[in-house]
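Colleague: Those protein sequence lines, which keep their order, are chains A and B.
Heads up: the first sequence runs through residues 1 to 320, numbered per this note's numbering.
Heads up: the second sequence runs through residues 1001 to 1383, numbered per this note's numbering.
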Amino acid sequence: VTGDRDDEFLAVAREAVRAARGDDVLTALGWRDLLDDLHDPETRAATFALFRAQGRELGTSPALGILMAEPYLTATGLTRGSVLAAAARHSRRGGWRALLVGDACCEHVVVDLPEAPALLVETADVELVPIDVPGRVVLHEVVLDGCRSARPIDERAARQARPRSWALGRTACAFEILGAAEGAVALARDHAVARAQFGHPIATFQAVRHLLAWAGTDCAAVQAVAEQAVALDDAAPSRHDEILKALAGRNGRRACERTLQVLGGIGFTAELDHHHLHSRILALDALLGSAASLARDLGTSLRTERRDPRIAETYLGAHR
Amino acid sequence: MLSPSPTAVDPLLDLSAYATAFEAWLATRPPVLRAAATPTPDFAARVDTMAALMSALFDGGWARYGWPTTHGGLGGSIVHRATMWEALARHGVRGMALFEHLEILAPALVALGRPEVVGPLLPRFLAGEQTWAQGFSEPEAGSDLAALRTRATAADGGYVVSGRKIWTSWAAYARWCLVLARTGSTESRHRGLTAFVVDLRDPGVEVRAIEQANGTDELSEVTFDDVFVPQERIVGTVDGGWAVAMHILSHERGTFAWFRHLFLYQHLLEQVGDGDPSGDRDLGEVLLDLAAVSATSVGGLHVHAAGAILGPRAAITKLLLCEAEQRSYDWIHRIDGDLAAGVQHPEVAALRQEYVFSRIVTVYGGSQQMQLETIAKHVVGLP
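(1) Tell me the rounded alpha-carbon separation between L1098 (chain B) and E115 (chain A).
(2) Are there three or more Cβ pairs, one per stretch, closer than 8 Å when the region 1169-1189 of chain B is compared with the region 1236-1255 of chain B?
(3) I want to verify the contact list: residues of chain B whose CB lies under 9 Å from the CB of I311 (chain A), in sequence order.
(4) Taking the CB atoms as reference points, tell me whether G169 (chain A) and L288 (chain A) lie closer together than 8 Å.
(5) Over the uninterrupted alpha helix (DSSP H) stretch that includes V1079 (chain B), give me the two end residues.
(6) What do you get for Q1344 (chain B), buried or exposed, if any count of 16 or more other CB atoms within 10 angstroms of its CB means buried?
(7) Could you check the C-alpha separation between R1114 (chain B) and I1234 (chain B) for me, to the nearest Å?
(8) Just curious, the beta strand (DSSP E) that V1286 (chain B) is in, first and last residue?
(9) Can you give me the C-alpha to C-alpha distance between P152 (chain A) and A118 (chain A), rounded to a whole angstrom?
(10) Measuring CB to CB, does I1316 (chain B) end up less than 8 Å from T76 (chain A)?
(11) Using three-state DSSP, classify L1178 (chain B) as helix, strand or coil.
(12) Between which two residues does the alpha helix (DSSP H) harbouring P130 (chain A) extend?
(13) With respect to the alpha helix (DSSP H) encompassing F1259 (chain B), which residues constitute its N-terminal and C-terminal limits?
(14) Rounded to whole angstroms, what's the CA-CA distance from V230 (chain A) to R250 (chain A)? Just pull it up for me.
(15) Could you tell me the distance, in whole angstroms, from the CA atom of F1125 (chain B) to the CA atom of L1268 (chain B)?
(16) Can you name the start and end residues of the beta strand (DSSP E) that G1158 (chain B) belongs to?
(17) With 8 Å set as the bound, which would you pick, yes or no: does the beta-carbon of Y72 (chain A) sit closer than that to a beta-carbon of chain B?
(18) State buried or exposed for H240 (chain A), treating a residue as buried only when at least 16 other CB atoms are found within 10 Å of its CB.
(19) Grab the span of the alpha helix (DSSP H) containing A28 (chain A) for me, first residue to last.
(20) Spell out the partners DSSP gives D1465 (chain B) in its beta bridges.
(21) Mind checking whether R1339 (chain B) and Y1355 (chain B) have CB atoms under 8 Å apart?
(22) Within 7 Å: the Cβ of A69 (chain A) and any heavy atom of the ligand PLP?
(23) Applying the 10 Å Cβ sphere with the 16-neighbour rule, what's the burial state of A1017 (chain B)?
(24) Spell out the partners DSSP gives S1220 (chain B) in its beta bridges.
(25) Is the CB-CB distance between L29 (chain A) and L1288 (chain B) below 8 Å?
(26) Which runs of the alpha helix (DSSP H) spanning at least 4 residues fall entirely within the region 179-245 of chain A, listed in chain order?
(27) Mind checking R93 (chain A): buried by the 16 CB within 10 Å criterion, or exposed?
(28) I want to verify the contact list: residues of chain A whose CB lies under 7 Å from the CB of T1083 (chain B), in sequence order.
(29) Suppose you measure from the CA of V25 (chain A) to the CA of Q197 (chain A); what does that come to, to the nearest Å?
(30) What's the gap between the Cα of E1325 (chain B) and the Cα of A312 (chain A)?
(31) Against I1375 (chain B), what residues of chain A qualify as contacts under a CB-to-CB distance less than 7 Å, listed in chain order?
(32) Could you check if V110 (chain A) is buried or exposed, using at least 16 other CB atoms within 10 Å of its CB as the buried criterion?
(33) Is the CB of P1383 (chain B) under 8 Å away from at least one CB in chain A?
(34) Using a threshold of 8 Å, state whether the C-beta atoms of R258 (chain A) and L178 (chain A) are closer than that.
(35) Going along the chain, which residues of its own chain have a beta-carbon closer than 7 Å to the beta-carbon of G1381 (chain B), five neighbours each way excluded?
(36) Is there a Cβ of chain A sitting closer than 8 Å to that of E1138 (chain B), yes or no?
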């Protein structure tokens, strides 16, 4: 049972995210150094606590790109701190797109999209188109048109790096979604206690209590699966990162819909941060496979391959 | 398998060694395993095949791991039991049937009952010889359990129990019943309750099976008319029955999800080949629901292995299990219309039973609304 330790990591990370922004948060936490010891479960827990804190506090940093670039360091011959990996997103208006979360603080970007060769590009040589969405998230699309510096990454090396990069990215996104969903529940809970109707705080009304209980359950489910991902790492069942990311996306959105209902009209205004939390979740859900697309793919694979991912057995085995 | 000698350390206390050895036993496909893996809508036959399987698992020693040596077990923790049932489900066993109470009732009996009473009875339960029912709900005490009226009056050497229980699972098949009765005043609510081990064959006990909507008779109504219960058959303390109930509910809502979801998963896996692409997203979402149950309930197992109980967070696991069970059978119903108006086949009839049962899972073990209330108060932190 690791609850206390995780709470501690989260508290430290939240404080750092509140006190600074962007790259300074990572420096304050010594976060980059953690990546040296990702094989250690405690270090992994601390690494991902940053993302949960970013969601909760609506902070933003280049951490996702740095983390996703780790598996490509050998293939690119670059060092940590000089390269980010873009996160893929599928658009109905033109296929796969590459996105960077946080400031583009490094000289190079790995753009490794499905259905295309993996590329290493110079940040100064690509167009970074800002994506203007709420959520206090710094988001850029990497546009390669006219980019002359692009050089392919050896496909064999990329093939090795890709699954690990996506798994790390999906886990990070799931933690950030969890943090944002928890933030939405906290906002709605405070509102339900303070807001009176019919002479009573609305928190005393069963309909409101049940909405918040469901939202809390949505979060608890994501937390439990995310903690398993951290504990198991490479030993996780097949496609576990997809299960985690899909669960986080679905439950995160659902929690926000429930908390929005509790908040009523005030939750639909710029005055409250709820819309930022909600939009942060929508944006993260869109990266590295949305809940809808991942759930469909998981279903297809289970139906056609009838392959048992043995989630329960693996979870239990890890504790033996 | 021989019991370990007192001086040697039993290698199967190591969980990996236990898992490997049990897998090897299952690979021999004993006839009792094959019978328990064959779907049948005949509930009595299902009980018999499960009792036969339990007997073999007891004789082989497998079912004795995870239970203390003072109670006929071979030592180890709940994780041994979790391992055994995970493997049984994976090998096609249809469900635990009345041995669900091994994971709901028995942990509380061991933790809070008198060893001289529970010690000799647990092995009979483990071996499938004598099973147990849980006498909590009453006609006037459902969600409001603390309002129960069955009364236990002090008598020479024990108590005399009178009252009526309803929705008593497996009472028609059971020899023993853990009965929650009022020893204090009506106003004492949950502080005036005591848990008793009642022999359902004693004079004054009447068990009437209830014919259920899914065609089984798992539930019963049980009346107690001046039934004498010796003092030593009290579990916990006099007026301390609420603690026993909370221990049981921590299992029924928390760790039990681990055991039950294994079978849901297996049933789903057996059906998926007949799906079509239009249902893939729903199928994928069921996988998400099941993963949430796996993750929350495996944590609960470790809380119990460490000697603690789950408390209010068990309600979260219970809610997630209900979601997973209903979504699983929603999907199965979607691909198999036969279970609604289907062909006469034991497998279809069994599937229909399971589908109909999945509609009521949000009622037993505390209604969904009660779980939500617990979560609202103790997890979300509402006043």
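For each residue, glycine too, the CB sits at the ideal point set by N, CA and C.
Modeller: Quick answer:
(1) Translated into the one-based positions of the second sequence, residue 1098 (chain B) becomes position 98. Translated into the one-based positions of the first sequence, residue 115 (chain A) becomes position 115. Distance between the alpha carbons of L1098 (chain B) and E115 (chain A) is about 53 Å.
(2) Touching, yes, given that three or more Cβ pairs across the two stretches are closer than 8 Å.
(3) Numbered from its first residue, the first sequence carries residue 311 (chain A) at position 311. Chain-order list of chain B residues neighbouring I311 (chain A): Y1265, L1287, L1290, A1291, S1294 and A1295, by C-beta distance under 9 Å.
(4) Taking the first sequence and counting its residues from 1, one reaches residue 169 (chain A) at position 169. Taking the first sequence and counting its residues from 1, one reaches residue 288 (chain A) at position 288. Yes, Cβ-Cβ distance for G169 (chain A) and L288 (chain A) is below 8 Å.
(5) Position 79 of the second sequence holds residue 1079 (chain B). Start and end: I1078 to R1090.
(6) If you number the second sequence from 1, residue 1344 (chain B) lands on position 344. Answer is exposed; the Cβ neighbour count stays below 16.
(7) Counting from 1 along the second sequence, the entry for residue 1114 (chain B) is found at position 114. Counting from 1 along the second sequence, the entry for residue 1234 (chain B) is found at position 234. So the alpha carbons of these two residues sit roughly 8 Å apart.
(8) If you number the second sequence from 1, residue 1286 (chain B) lands on position 286. Not the beta strand (DSSP E): V1286 (chain B) falls in the alpha helix (DSSP H), residues D1280 to A1305.
(9) In the first sequence, counting from the first residue as 1, residue 152 (chain A) sits at position 152. In the first sequence, counting from the first residue as 1, residue 118 (chain A) sits at position 118. In this structure, the straight-line span from the alpha carbon of P152 (chain A) to that of A118 (chain A) is close to 6 Å.
(10) On the second sequence, residue 1316 (chain B) is found 316 positions in, with the first residue counted as 1. On the first sequence, residue 76 (chain A) is found 76 positions in, with the first residue counted as 1. Result no, Cβ atoms of I1316 (chain B) and T76 (chain A) do not sit closer than 8 Å.
(11) The residue given as residue 1178 (chain B) occupies position 178 in the second sequence. In the displayed model, L1178 (chain B) falls within a strand according to three-state DSSP.
(12) Position 130 of the first sequence, counted from the start, is the residue given in the question as residue 130 (chain A). Here P130 (chain A) belongs to no alpha helix (DSSP H); instead the beta strand (DSSP E) covers E127 to P130.
(13) Along the second sequence, read from residue 1 onward, the residue named residue 1259 (chain B) stands at position 259. Its alpha helix (DSSP H) spans residues F1256 to Q1271.
(14) Position 230 of the first sequence, counted from the first residue, corresponds to residue 230 (chain A). Position 250 of the first sequence, counted from the first residue, corresponds to residue 250 (chain A). Looking at the two C-alpha atoms, the distance is approximately 20 Å.
(15) For the purposes of this step, residue 1125 (chain B) is identified with residue 125 of the second sequence, where counting begins at 1. For the purposes of this step, residue 1268 (chain B) is identified with residue 268 of the second sequence, where counting begins at 1. Straight-line spacing of the CA atoms in F1125 (chain B) and L1268 (chain B) works out to 29 Å.
(16) Here residue 1158 (chain B) corresponds to residue number 158 of the second sequence, with the count starting at 1. G1158 to S1169 is the extent of the beta strand (DSSP E) around G1158 (chain B).
(17) What you label residue 72 (chain A) is simply residue 72 of the first sequence in a count that begins at 1. Taking Cβ atoms only, chain B never reaches closer than 8 Å to Y72 (chain A), which makes this a no.
(18) In the first sequence, counting from the first residue as 1, residue 240 (chain A) sits at position 240. Buried, because 16 or more other Cβ atoms sit within 10 Å of the Cβ of H240 (chain A).
(19) Along the first sequence, one-based indexing puts residue 28 (chain A) at 28. Run containing A28 (chain A): D23 to L29, per the alpha helix (DSSP H) assignment.
(20) Outside the modelled stretch of chain B, which goes from 1001 to 1383, sits residue 1465 (chain B), for which no answer is possible.
(21) Against the second sequence, residue 1339 (chain B) aligns to sequence position 339. Against the second sequence, residue 1355 (chain B) aligns to sequence position 355. Checking the sequence, you will find Leu at residue 1339 (chain B) rather than Arg. Contact flag set, yes.
(22) In the structure on display, the ligand PLP does not appear, and there are no ligands present to speak of.
(23) In the second sequence, residue 1017 (chain B) corresponds to position 17, counting from 1. Exposed.
(24) What you label residue 1220 (chain B) is simply residue 220 of the second sequence in a count that begins at 1. Answer is B:T1168 and B:A1209.
(25) Locating residue 29 (chain A) in the first sequence gives position 29, where the first residue counts as 1. Locating residue 1288 (chain B) in the second sequence gives position 288, where the first residue counts as 1. No. Outside cutoff.
(26) 206-232
(27) As a working note, residue 93 (chain A) is residue 93 in the first sequence. With fewer than 16 other Cβ atoms within 10 Å, it is exposed.
(28) Along the second sequence, one-based indexing puts residue 1083 (chain B) at 83. Those within 7 Å of T1083 (chain B) in chain A are L316.
(29) If you number the first sequence from 1, residue 25 (chain A) lands on position 25. If you number the first sequence from 1, residue 197 (chain A) lands on position 197. Approximately 42 Å between the Cα atoms of the pair.
(30) As a working note, residue 1325 (chain B) is residue 325 in the second sequence. As a working note, residue 312 (chain A) is residue 312 in the first sequence. In a straight line, the C-alpha of E1325 (chain B) is about 15 Å away from that of A312 (chain A).
(31) The count along the second sequence starts at 1 and reaches residue 1375 (chain B) at position 375. Result: A213, G216 and T217.
(32) Here residue 110 (chain A) refers to the residue found at position 110 of the first sequence. Per the 10 Å Cβ criterion, buried.
(33) Residue numbering aside, residue 1383 (chain B) sits at position 383 when the second sequence is read from its first letter. Cβ-Cβ to chain A under 8 Å: yes for P1383 (chain B).
(34) Translated into positions along the first sequence, residue 258 (chain A) becomes position 258. Translated into positions along the first sequence, residue 178 (chain A) becomes position 178. Not closer than 8 Å, so no.
(35) The residue given as residue 1381 (chain B) occupies position 381 in the second sequence. Within the same chain, G1381 (chain B) has no close Cβ partners at all.
(36) Here residue 1138 (chain B) refers to the residue found at position 138 when the second sequence is read from its first residue. E1138 (chain B) is outside the set of residues whose beta carbon lies under 8 Å from a beta carbon in chain A.
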